[in-house]
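A.B. asks: Counting with our numbering, you get residues 621 to 940 for the letters of the sequence shown. Built from N, CA and C at the ideal position, the CB exists for glycine as well. Please see the structure below; I have some questions.
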Amino acid sequence: MSREYFIGVDLGGTKILAGVFDGNLKCLITDKNKTKAALGYSGVKGRIIETIRGALHLAGIDISRVKGVGIGAPGTISKDGERVLFAPNLDWREVPLKTDIEAELGCPVWLGNDCSLATLGIHKCELDSKPNNMVCIFLGTGIGAGIIANGVILEGETQAAGEVGHMVLDTEGPVCGCGVRGCYEALASRTAIYNKIKNAVENGKQTVLVEDDGKTLTKIRSGKLRRAVEAGDKLAIRVLDETCFYTGVAIANLCNLLNPEVIVMGGGMVDQMGETMLPKIKDAAFSRIMLGAREVRIIVSKLGDDAGITGAAVLAYDNA
């Protein structure tokens, strides 16, 4: 009997990652490409298909042996799972991603929120305890979260639950990409870090993150930021400390509201700097969590980049 396979895709603001999984949900191979959001919906859709086909090529597997594809997309997903209703980091509104990818690949596709699916992947394939109540927070280009309440993913009335990045933490803070002032994402994401460092450099602050001319600031990847922090760069350390502080405040709010058993940290910044960030996050969180909710554990995911594709593969596996 021929083996069947599943594809998990994690669509991010800066990169697309696709993984080929066997029937035991073991990841066999991955491929990735830059998202290039500036290409618009049609261009990014083509890059998703290219990444899926690239992963299959590396695995030596024909699409005919794929039982289903799961895609985690950033933003709000329609209740029927057909469309991405709103993805601010991609500038998408009402795009029929599921049906478009199905038409190109000729196999079933399931669509979900990227953070909810990463949470599903961590819950099913990483945590042995299978906690009934948990929150996963993902720090990267933006900030998102997935929530498991009483054993199931919390989706909300219109599938919009988990937008933790848009909790307002400072009403006088910078304007977020969503248009609201002071969102957690506008204060602590990698995009926020870039904006803070850019403003500081324009005001004469020194940092190793600029180019040789001492003025030009290119994109700041998580690894580049980690190296600057390790080198003792004062500006990099300060903005990372601010990210840890606001993350701790956000966690305290979530714990006081939801009383989870565990908070799991993930995303590009945490993959690179989790052990450095975790003590500072805990300090900010536990000083604000109400006594009855302080039994919560705050940990770093070991799945790293694979959390999103794992959860997307679980979505396909559970529905195929």
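1) Per DSSP, what are the beta-bridge partners of Arg-713 in this structure?
2) Tell me the residue span of the alpha helix (DSSP H) that contains Leu-845.
3) From Pro-694 to Ile-636, what does the alpha carbon distance come to, in whole angstroms?
4) Taking C-beta to C-beta, are Val-629 and Ile-672 nearer than 9 Å?
5) Which two residues bound the contiguous alpha helix (DSSP H) that contains Val-640?
6) In the DSSP assignment, find the beta strand (DSSP E) that holds Leu-737 and state where it starts and stops.
7) By the DSSP assignment, the alpha helix (DSSP H) with Thr-650 in it spans what residues?
8) Hey, out of Thr-811, Ile-697 and Arg-917, whose CA is closest to Lys-634's CA?
9) What's the C-alpha gap between Val-859 and Ala-848?
10) Identify every run of the alpha helix (DSSP H) within the segment 725-804, keeping only runs that are complete inside it and at least 4 residues long; order them along the chain.
11) Could you check if Leu-935 is buried or exposed, using at least 16 other CB atoms within 10 Å of its CB as the buried criterion?
12) Going by DSSP in three states, Leu-829 sits in which element: helix, strand or coil?
13) Using 9 Å as the threshold, is the C-beta distance between Leu-789 and Tyr-866 below it?
14) Using only alpha-carbon positions, find the residue among Gly-824, Val-686 and Thr-827 that is nearest to Phe-641.
15) Met-889 by DSSP, collapsed to three states: which one?
16) Consult DSSP for Gly-824 and reduce its assignment to one of helix, strand or coil.
17) Kindly provide the ranges of any beta strand (DSSP E) runs that are 3 or more residues long and lie completely inside the segment 655-682, ordered along the chain.
18) Count the other CB atoms, across all protein chains shown, that sit within 10 Å of the CB of Met-885; report buried if there are 16 or more and exposed otherwise.
19) Quick check: Ile-721 and Leu-678, are their CB atoms within less than 9 Å of each other?
20) Whole angstroms are fine: how far does the CA of Ala-780 sit from the CA of Val-795?
21) Who are the near neighbours of Ala-738 in its chain, counting only those whose CB is closer than 7 Å to its CB and skipping five residues on each side?
22) Over what stretch of residues does the beta strand (DSSP E) that includes Ala-913 continue unbroken?
23) Nearest CA to the CA of Val-689: which residue from Glu-724, Asn-709, Glu-714 and Arg-908?
24) Give the straight-line distance between the Cα atoms of Met-621 and Gly-802, rounded to the nearest whole angstrom.
25) Excluding the five sequence neighbours on either side, which residues of its own chain have a C-beta within less than 8 Å of the C-beta of Asn-770, listed in chain order?
26) Tell me whether the beta-carbon of Gly-785 lies closer than 9 Å to the beta-carbon of Ser-809.
27) List the residues that DSSP assigns as beta-bridge partners of Gly-628.
28) Answer yes if the segment 898-911 comes into contact with the segment 703-710, meaning at least three C-beta pairs across the two stretches below 8 Å, and no otherwise.
29) CB-CB under 8 Å to Arg-623, same chain, minus the five flanking residues each way: which ones, in chain order?
30) For Ile-919, which of helix, strand or coil comes out of DSSP?
31) How should Ala-851 be labelled, buried or exposed, when 16 other C-beta atoms within 10 angstroms of its C-beta is the threshold for buried?
32) Taking just the CA atoms, how far does Glu-881 sit from Glu-805?
33) DSSP three-state label for Ile-909, please.
C.D. replies: Looking at the atomic coordinates:
1) Numbered from its first residue, the sequence shown carries residue 713 at position 93. Phe-706, per the DSSP bridge assignment.
2) Sequence index remark: in the sequence shown, residue 845 carries index 225 (1-based). From DSSP, the alpha helix (DSSP H) with Leu-845 extends over 842-850.
3) As a working note, residue 694 is residue 74 in the sequence shown. As a working note, residue 636 is residue 16 in the sequence shown. Cα to Cα, the separation comes out at about 11 Å.
4) Looking up residue 629 in the sequence shown gives position 9. Looking up residue 672 in the sequence shown gives position 52. Result yes, Cβ atoms of Val-629 and Ile-672 sit closer than 9 Å.
5) Numbered from its first residue, the sequence shown carries residue 640 at position 20. Careful: Val-640 lies outside any alpha helix (DSSP H), inside the beta strand (DSSP E) at 635-641.
6) Residue mapping note: residue 737 aligns to position 117 of the sequence shown, counting from 1. Looking at the DSSP string, Leu-737 is not in any beta strand (DSSP E); the run it does join, the alpha helix (DSSP H), is 734-745.
7) Residue 650 sits at position 30 when you count from the first residue of the sequence shown. Run containing Thr-650: none in the alpha helix (DSSP H); it sits in the beta strand (DSSP E), 647-654.
8) Here the question's residue 634 lines up with position 14 in the sequence shown. The residue asked about is misnamed: residue 634 is Thr in this sequence, not Lys. Closest by alpha carbon: Thr-811.
9) Residue 859 sits at position 239 when you count from the first residue of the sequence shown. Residue 848 sits at position 228 when you count from the first residue of the sequence shown. The alpha-carbon atoms of Val-859 and Ala-848 are separated by roughly 11 Å.
10) 734-745
11) Counting from one through the sequence shown, the residue named residue 935 turns up at place 315. Leu-935 should be labelled buried.
12) Your numbering for residue 829 matches position 209 in the sequence shown. Note: Leu-829 maps to coil in three-state DSSP.
13) Along the sequence shown, one-based indexing puts residue 789 at 169. Along the sequence shown, one-based indexing puts residue 866 at 246. It is a contact, given that the beta carbons lie within the stated cut-off.
14) In the sequence shown, residue 641 corresponds to position 21, counting from 1. Among Gly-824, Val-686 and Thr-827, the Cα nearest to that of Phe-641 belongs to Val-686.
15) The count along the sequence shown starts at 1 and reaches residue 889 at position 269. Reduced to three states, the DSSP call for Met-889 is helix.
16) Residue mapping note: residue 824 aligns to position 204 of the sequence shown, counting from 1. Gly-824 falls in the coil class under three-state DSSP.
17) none
18) Here residue 885 refers to the residue found at position 265 of the sequence shown. Per the 10 Å Cβ criterion, buried.
19) The count along the sequence shown starts at 1 and reaches residue 721 at position 101. The count along the sequence shown starts at 1 and reaches residue 678 at position 58. Cβ atoms of Ile-721 and Leu-678: not closer than 9 Å.
20) Indexing the sequence shown from 1 puts residue 795 at position 175. Indexing the sequence shown from 1 puts residue 780 at position 160. Distance between the alpha carbons of Val-795 and Ala-780: 21 Å.
21) Translated into positions along the sequence shown, residue 738 becomes position 118. The answer, listed in chain order, is Gly-692, Cys-756, Phe-758, Gly-766, Gly-886, Ala-927, Gly-928 and Gly-931.
22) Start at 1 with the first residue of the sequence shown, and residue 913 comes out as number 293. Where Ala-913 is concerned, there is no enclosing beta strand (DSSP E), given that its DSSP letter is neither H nor E.
23) Taking the sequence shown and counting its residues from 1, the one referred to as residue 689 is at position 69. Val-689 has its Cα closest to that of Glu-724, out of Glu-724, Asn-709, Glu-714 and Arg-908.
24) Reading the sequence shown from its first residue, position 1 is the one you call residue 621. Reading the sequence shown from its first residue, position 182 is the one you call residue 802. With a pLDDT of 38 at Met-621, under the threshold of 50, the modelled position of that residue is not reliable, and the figure given next carries that caveat. When rounded, the distance between both Cα atoms is 56 Å.
25) Start at 1 with the first residue of the sequence shown, and residue 770 comes out as number 150. Same-chain partners within the cutoff: Asn-752 and Asn-753.
26) The sequence position of residue 785 within the sequence shown is 165, counting from 1. The sequence position of residue 809 within the sequence shown is 189, counting from 1. Contact: yes.
27) Here residue 628 is taken as the residue at index 8 of the sequence shown, counted from 1. For Gly-628, which the question treats as bridged, DSSP gives the partners Gly-639 and Gly-690.
28) no
29) Position 3 of the sequence shown holds residue 623. For Arg-623, where only same-chain residues beyond five positions count, the Cβ hits under 8 Å are Asp-642, Gly-643 and Arg-685.
30) In the sequence shown, the residue the question calls residue 919 occupies position 299. Strand, per DSSP.
31) Locating residue 851 in the sequence shown gives position 231, counting from the first residue. When all chains shown are included, Ala-851 counts as exposed.
32) Position 185 of the sequence shown, counted from the start, is the residue given in the question as residue 805. Position 261 of the sequence shown, counted from the start, is the residue given in the question as residue 881. Approximately 24 Å between the Cα atoms of the pair.
33) Counted from its first residue, the sequence shown places residue 909 at position 289. Note: Ile-909 maps to coil in three-state DSSP.
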